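Working notes, beginning with the structure itself.
Residue numbers (the working numbering): 514 to 847.
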C-alpha cells in the first residue's frame, strides 16, 4: 500500500522562501554592525589624535560650581598656515599668538549659554597690569588667560578648547559649508571677504573672513563677536545633521578635521568633549542662549551692574533667570 501523498499547502514554499531570506538578513545585520563600528570607531580614533594642553592656573581659584563651564578660544596664530594660505585667507603675518575669539559655554540645569568676551576688553592680567584681555594668551598661554577670566568674572573654568585659523577652515569645509546671514553686504579686502546681504552658504575661507572682519561695522569687535557665535552655532548644527552621519566620507572628514583643528585642556576626556560638542549644537533657539558680556559703551567696558549679574547667574547655574536685558547679541548696545 502506497503512503498517502503529503497534503497540499504552502509549507514547502515558505520553507524555501525562508531559506532565501536568511542570507539577506545576515548581510543586513553585518552591514548594520559594520556601520555602528564605523560610527563609534572613527571618533575614537580621531580623539586619539587630539592634542592636550595645560590650562589650569597656579594659585587660588574659584571653588567648584554647579554645571560645567568651557572656555573656547580661537587662536590667531598663523603657525599652522603656509604663506600661500595666509595670503588666500587674509590672515596677515602677525607674529606670536593671541586670542581672536574668547567664548564661555555653560551647561547645567537650565538653558545652555554661549557668551563671548570682547578681545579688546581691558582687564587686569596677573603679572602684567591693566591691558587687553587677549594679550593674556600671548603673555602666558591658556593658564594665564584662564586665570584672568576667573579673576575678572568669578566663574570657574572647568574645561578648555582651542582652535586655530587653519583648523576652522577645514572643519567648515568638512561639513560642506555653513549658512551665514549677513545683515548687510560686506566687503573687507583685509579679510578676503565679499558677501551680499542675506542668508547664503559659505565655504571655510568665506566663513573665516565673515567671523574675523571687524573694520566694516560701527560696532567693531562687538558685531564680530556676534558673527563668531553665529558661525560656531552653524558648524555645530551641520556637524550633527543626518546628512553628516549617513555620509561616511563627510563623517570621516569632519572627525579628522576636528581632531586636527582643536587642542583641549589636559584631562578633558572624550565624554566631556562629546558633552561640549553636543552643547554647542543647541545654544540657539529655545534650548539655549547666545550673547555677549554686558557692556557699557563702544570701548567694550563691562557694564558695572549687568555684567556681575550675568556672571553670578552662571556661577549659580541659574541661566533660567537670565533676561534679554542681560543676554543680548551686542552686549546691550543698540
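For each residue, glycine too, the CB sits at the ideal point set by N, CA and C.
Treat the numbers as computed from the prediction; the structure is a model and nothing was measured.
The alpha-carbon of residue 690 is positioned some 43 Å away from that of residue 573. Non-local beta-carbon contacts of residue 753 in its own chain, meaning distances under 7 Å to residues more than five positions away in sequence, involve 794 in chain order. Remark: C-beta atoms of residue 827 and residue 668 approach each other more closely than 9 Å. Taken in chain order, the whole beta strand (DSSP E) runs of length 3 or more contained in the region 657–724 are 672–676, 691–693, 699–701, 706–708 and 713–715. Using a Cβ distance threshold of 9 Å, residue 813 and residue 716 do not count as a contacting pair.
DSSP places residue 767 inside the alpha helix (DSSP H), whose first and last residues are 761–774. For residue 557, the number of other beta carbons within 10 angstroms of its own is below 16, and it is reported as exposed. Between residue 721 and residue 678, the beta carbon gap of about 7 Å places them in contact (Cβ cut-off 8 Å). Less than 9 Å divides the Cβ of residue 785 from the Cβ of residue 672.
For residue 793, the uninterrupted alpha helix (DSSP H) run begins and ends at 782–793, by DSSP.
Boundaries of the alpha helix (DSSP H) around residue 746: 734–752. The residue from 586, 539, 553 and 723 with its alpha-carbon nearest to that of residue 702 is 723.
Taken through DSSP and simplified to helix, strand or coil, residue 554 comes out as helix. For residue 827, there is no enclosing beta strand (DSSP E); the enclosing alpha helix (DSSP H) covers residues 819–828. Per the Cβ contact rule, the region 802–819 is in contact with the region 629–638 (3 or more Cβ pairs under 8 Å). Around the Cβ of residue 561, a 10 Å sphere holds fewer than 16 other Cβ atoms; the residue is exposed. In the three-state reduction of the DSSP assignment, residue 564 falls in the strand class, which pools E and B. Contact check for residue 587 and residue 612: beta-carbon distance about 7 Å, within the 8 Å limit, so the pair qualifies. Between the alpha carbons of residue 840 and residue 802 lies a distance of about 7 Å. DSSP, reduced to helix, strand and coil, places residue 844 outside both helices and strands of the structure shown, so it counts as coil. Taken through DSSP and simplified to helix, strand or coil, residue 757 comes out as helix.
Taking the CA atoms as reference points, residue 656 sits about 23 Å from residue 742.
Residue 814 is bridged by DSSP to nothing; it lacks a bridge partner.
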